[in-house]
Amino acid sequence: MVMHSVAFLCVVSYHQSYTEGSSIEGYWFEDYVSLDDHDELNPAVMTKLGCHTSENKLFYTQKANGIMGMAPSRGGGRTVLETLFDSKENPVDKSLFSMCLATWGGQLVVGGYNATRHTSSVSWAPMSTDRGYYYISIQSLGVYPEDQPSTVKAVTGAKEISTDQASFGDAMVDSGTTYT
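For the sequence shown, UniProt numbering assigns the number 1 to the initial residue and increments by one for each residue that follows.
#1: Assuming the contact rule is C-beta atoms closer than 8 Å, Phe30 and His15 should be a hit. Round their C-beta distance to whole Å, please.
#2: Taking the alpha-carbon of Arg117 as reference, which of Ser98, Asn56 and Ser137 has the nearest alpha-carbon?
#3: Straight-line CA distance for Val155 to Ser137?
#4: Hey, how far is the Cα of Val11 from the Cα of Glu82?
#5: Secondary structure at Thr116, three-state DSSP: helix, strand or coil?
#6: Are Asp170 and Tyr135 touching if we call contact CB-CB under 7 Å?
#7: Determine the extent of the beta strand (DSSP E) in which Thr53 is found, giving its start and end residues.
#8: Could you check the C-alpha separation between Ser128 and Val173 for me, to the nearest Å?
#9: Assign Ala154 to one of three DSSP states: helix, strand, or coil.
#10: Considering only their Cβ atoms, is the gap separating Gly111 from Val80 smaller than 7 Å?
#11: Can you look up Leu108 in the DSSP assignment and give me helix, strand or coil?
#12: Is the CB-CB distance between Phe59 and Ser87 below 7 Å?
#13: State the DSSP-derived secondary structure class of Val11, mapped to helix, strand or coil.
#14: For Ser95, which residues of its own chain have a beta-carbon under 6 Å away from its beta-carbon, when the five flanking residues on both sides are left out?
#15: Would you call the CB atoms of Trp28 and Lys48 closer than 7 Å?
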């Protein structure tokens, strides 16, 4: 972050470059955020947001109209998620979030998950955040017959490649940024 001071006005700016070559820059400000259409179910919380003053490359061609970083805090302040988790006005039962990514846009749920978006039971995996991003340890890997529907692939027809966790390492959990 670069800090500029003009008279008594303090403006803190940011610049973020991504692997594929696009970048954004702008300044930080605080405002209220609510992730639901019904204010009575999800009151807004005050949090830090970024206002882009410059965008290039993929930011012009993507359908998204903004970015909400889900990464854990790197010591530079509280994230939007941390603010929502700790909200006194709208306490969540669990400090977790779930994302359903789909061609129709997807859904973000804070504090749980939407069971109507799943065709089978949910498998939970602990995630670590000490590297500045979410990751999981891979325990096994399977190859499934191509002619089986995805719901069947999850439970039948797998060919186990290895059960030695050390041979797989860790995998970053990413919703589609330039890391993937």
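We put the beta carbon where it would ideally sit given N, CA and C, even for glycine. Note that the structure is a prediction, hence the values are computed from the model and not measured.
Result, derived from the coordinates:
#1: The residue given as residue 30 occupies position 30 in the sequence shown. The residue given as residue 15 occupies position 15 in the sequence shown. One detail in the question is off: residue 30 reads as Glu in this sequence, not Phe. Glu30 to His15, Cβ: 20 Å. No contact.
#2: As a position in the sequence shown, residue 117 is number 117, starting the count at 1. If we check each option's Cα against that of Arg117, Ser98 comes out closest.
#3: Here the question's residue 155 lines up with position 155 in the sequence shown. Here the question's residue 137 lines up with position 137 in the sequence shown. Unreliable placement is indicated for Val155, whose pLDDT of 48 sits below 50; the coordinate value is still reported in the next sentence. If I take the Cα positions, the gap works out to 20 Å.
#4: As a position in the sequence shown, residue 11 is number 11, starting the count at 1. As a position in the sequence shown, residue 82 is number 82, starting the count at 1. Spanning the two alpha carbons is a distance of roughly 23 Å.
#5: Counting from one through the sequence shown, the residue named residue 116 turns up at place 116. It is helical.
#6: As a working mapping, residue 170 is identified with position 170 in the sequence shown. As a working mapping, residue 135 is identified with position 135 in the sequence shown. The answer is yes: Cβ separation under 7 Å.
#7: The residue you call residue 53 lines up with position 53 of the sequence shown. Segment Val45 to Glu55, the beta strand (DSSP E) holding Thr53.
#8: Reading the sequence shown from its first residue, position 128 is the one you call residue 128. Reading the sequence shown from its first residue, position 173 is the one you call residue 173. When rounded, the distance between both Cα atoms is 10 Å.
#9: The residue labelled residue 154 in the question sits at position 154 within the sequence shown. Residue placement at Ala154 is poorly supported in this model, since its pLDDT is 48, which falls under 50; the coordinates still yield a value, given next. Coil at Ala154, not helix or strand.
#10: For this step, residue 80 is matched to residue 80 along the sequence shown. For this step, residue 111 is matched to residue 111 along the sequence shown. Going by C-beta atoms, Val80 is not nearer than 7 Å to Gly111.
#11: Position 108 of the sequence shown, counted from the first residue, corresponds to residue 108. If DSSP states are grouped into helix, strand and coil, Leu108 belongs with the strands.
#12: Residue mapping note: residue 59 aligns to position 59 of the sequence shown, counting from 1. Residue mapping note: residue 87 aligns to position 87 of the sequence shown, counting from 1. No, the Cβ-Cβ distance between Phe59 and Ser87 is not below 7 Å.
#13: On the sequence shown, residue 11 is found 11 positions in, with the first residue counted as 1. Val11 falls in the strand class under three-state DSSP.
#14: Reading the sequence shown from its first residue, position 95 is the one you call residue 95. For Ser95, where only same-chain residues beyond five positions count, the Cβ hits under 6 Å are Phe85.
#15: Residue numbering aside, residue 28 sits at position 28 when the sequence shown is read from its first letter. Residue numbering aside, residue 48 sits at position 48 when the sequence shown is read from its first letter. Yes, they are a contact pair.
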